[in-house]
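Peer 1: Counting in this note's numbering, the first sequence runs from 48 upward without gaps. Think of the CB as a built atom: it goes at the ideal place given N, C-alpha and C, for glycine as much as any other residue. One structure coming up, written as structure tokens, with questions to follow.
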Amino acid sequence: MPELPEVETIAHGVDRRVRGRRIEQVWFTSHRQPFKTPAAKQARELEGRVLLAVHRTGKHIVCELGRAGEEAAGRKRSGTAAAQWIVHLGMTGRLLVCAPDAPLEPHTHARLGLSGGRELRFVDPRRFGRLEFRDLGSAAGFAAPGAEPLTIDDGEFAALFRGRRLPIKAALLNQTLLAGVGNIYADESLFRAGIRPRRAAGRLTRAELERLRTGLVEVLQAAIRLGGSSVSDYVDAEGARGFFQLEHCVYRRTGQPCRSCGMAIRRIVVGGRGTHYCPQCQR
DNA sequence: CATTTCACCTGGTGGC
DNA sequence: TGCCACCAGGTGAAAT
48 MPELPEVETI AHGVDRRVRG RRIEQVWFTS HRQPFKTPAA KQARELEGRV
98 LLAVHRTGKH IVCELGRAGE EAAGRKRSGT AAAQWIVHLG MTGRLLVCAP
148 DAPLEPHTHA RLGLSGGREL RFVDPRRFGR LEFRDLGSAA GFAAPGAEPL
198 TIDDGEFAAL FRGRRLPIKA ALLNQTLLAG VGNIYADESL FRAGIRPRRA
248 AGRLTRAELE RLRTGLVEVL QAAIRLGGSS VSDYVDAEGA RGFFQLEHCV
298 YRRTGQPCRS CGMAIRRIVV GGRGTHYCPQ CQR
């Protein structure tokens, strides 16, 4: 479900609600699929640690953790992290902060009981999400392989696609090139830049690449401002929907008139993913 | 190596 | 109402 703007919204919301809290109890209610680190090890490692900060890297949510037994840091200060809990939401994952007596939703795989009486819950019907624990004493901190779309400059952006023959749409989705772009924002940024999704990535002109980077940054920032896109069931850390789906120009608008020229939006398949574009505005 | 396809899961929707 | 095909915000392994 979530791409960069949705993950950013969730990470920020979780951070505000859990920063400085201690993880007092851990329940992992599923023992297959979502655990990149074995469930028992995660449960053992998480218990007693303080949540220092929560932030986004690519599509990953990174929870910075203090040492077990460390003093709760309070809401403002954040000490040096000793470990990380890394959450990837896959297609349908949700990370929620709620009251401990809130009804337990189906497919709740993890519950962290926090000091101050709230719970952090991981819910994921399709189980494409992943939970990982990292001890920073023995492993490096999490780093997404791809570049951050919000901060990369035009030169680096152009270099990502040089010599590549795959469709630009598929290249945008490749997380080892850019971290955080998914199906919605790939389609929306290509519309803003006036570029057909099937164009070979390495064949785009310098001017087109600049329009693409600018369009991508603008669409991601606009989506973050509106709390992300709620296409079906996406909600943020407190269960609120986003509103950027109302601003989509092409994504899931097959057959509807282009907001710019009125021509019917077309749907094709590129790289195995549903892809939407305006045949008039995108060349 | 670069690129494409498919499997992994469950649930919602729309046609008949 | 029921059944079925198709669709889905992601990724990584296997095949080409």
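For arginine 122, is the classification buried or exposed, using 16 other Cβ atoms within 10 angstroms of its Cβ as the cut-off for buried?
Peer 2: With a pLDDT of 49 at arginine 122, under the threshold of 50, the predicted position of this residue should be treated as unreliable, and no value is reported.
Peer 1: Would the region 244 to 263 count as touching the region 197 to 206 if we require 3 or more Cβ pairs under 8 Å?
Peer 2: Three or more beta-carbon pairs drawn from the region 244 to 263 and the region 197 to 206 are found closer than 8 Å, and the two stretches are therefore classed as touching.
Peer 1: What does the Cβ neighbour count give for valine 144, buried or exposed, with the cut at 16 atoms within 10 Å?
Peer 2: Label assigned to valine 144: buried.
Peer 1: Please classify leucine 251 as buried or exposed, where buried requires at least 16 neighbouring CB atoms within 10 angstroms.
Peer 2: buried
Peer 1: Count the other C-beta atoms from every protein chain shown that fall within 10 angstroms of the C-beta of glutamate 55, then say buried if there are 16 or more, exposed otherwise.
Peer 2: With 16 or more Cβ atoms within 10 Å of its Cβ, glutamate 55 is classed as buried.
Peer 1: Quick one: complete alpha helix (DSSP H) runs, 4+ long, within the region 214 to 279?
Peer 2: Along the region 214 to 279, the alpha helix (DSSP H) occurs as fully enclosed runs of 4 or more residues at 215 to 220, 230 to 240 and 253 to 272, listed in sequence order.
Peer 1: Would the region 67 to 75 and the region 265 to 282 be scored as touching if the rule is three or more Cβ pairs under 8 Å?
Peer 2: no
Peer 1: Checking the sheet assignment: what are the DSSP bridge partners for histidine 107?
Peer 2: Thr104 and His135
Peer 1: Just to confirm before moving on: does the CB-CB distance between histidine 323 and arginine 306 stay below 8 Å?
Peer 2: no
Peer 1: Compare the beta carbon distance of alanine 269 and phenylalanine 291 with 8 Å and say whether it is the shorter of the two.
Peer 2: Note that the C-beta distance between alanine 269 and phenylalanine 291 is below 8 Å.
Peer 1: So, using beta-carbon positions, are phenylalanine 75 and glutamine 131 closer together than 8 Å?
Peer 2: Result no, Cβ atoms of phenylalanine 75 and glutamine 131 do not sit closer than 8 Å.
Peer 1: Checking the sheet assignment: what are the DSSP bridge partners for threonine 322?
Peer 2: Ile315
Peer 1: Starting from aspartate 171, trace the alpha helix (DSSP H) in both directions and tell me its first and last residue.
Peer 2: Aspartate 171 -> no alpha helix (DSSP H), and no H or E assigned at all.
Peer 1: For histidine 59, which three-state DSSP category applies?
Peer 2: helix
Peer 1: Taking three-plus beta-carbon pairs below 8 Å as touching, is the region 176 to 192 in contact with the region 211 to 220?
Peer 2: Taking 8 Å as the limit for Cβ pairs, the verdict is that the region 211 to 220 does not touch the region 176 to 192.
Peer 1: Here's the rule: buried if 16 or more other CB atoms are within 10 angstroms of the residue's CB, otherwise exposed. What is glutamine 89?
Peer 2: buried
Peer 1: In whole angstroms, give me the CA-to-CA distance for arginine 91 and serine 277.
Peer 2: 34 Å
Peer 1: At which residues does the alpha helix (DSSP H) containing glutamine 89 begin and terminate?
Peer 2: Segment 86 to 93, the alpha helix (DSSP H) holding glutamine 89.
Peer 1: If contacts are defined as beta-carbon pairs under 8 Å, then valine 101 and isoleucine 108 qualify, I think. What distance do you get, rounded to the angstrom?
Peer 2: Yes, valine 101 and isoleucine 108 are in contact; Cβ-Cβ is about 6 Å, under 8 Å.
Peer 1: Tell me which residue opens and which closes the alpha helix (DSSP H) that glutamate 71 is part of.
Peer 2: DSSP places glutamate 71 outside any alpha helix (DSSP H); the residue lies instead in the beta strand (DSSP E), whose first and last residues are 70 to 75.
Peer 1: Should histidine 156 and glutamate 235 be called a contact, given that it needs their Cβ atoms to be closer than 8 Å?
Peer 2: no
Peer 1: Out of Gly249, Gly113, Ala311 and Leu99, state which residue places its alpha-carbon closest to the alpha-carbon of histidine 59.
Peer 2: Leu99
Peer 1: Report back the beta-carbon spacing between proline 196 and leucine 51 to the nearest angstrom; my notes put them in contact at under 8 Å.
Peer 2: About 7 Å separates the beta carbon of proline 196 from that of leucine 51, a gap short enough to meet the 8 Å contact definition.
Peer 1: Do phenylalanine 180 and threonine 84 have their C-beta atoms within less than 8 Å of each other?
Peer 2: yes
Peer 1: In angstroms with no decimal places, state the Cα-to-Cα distance between valine 317 and proline 153.
Peer 2: Approximately 33 Å between the Cα atoms of the pair.
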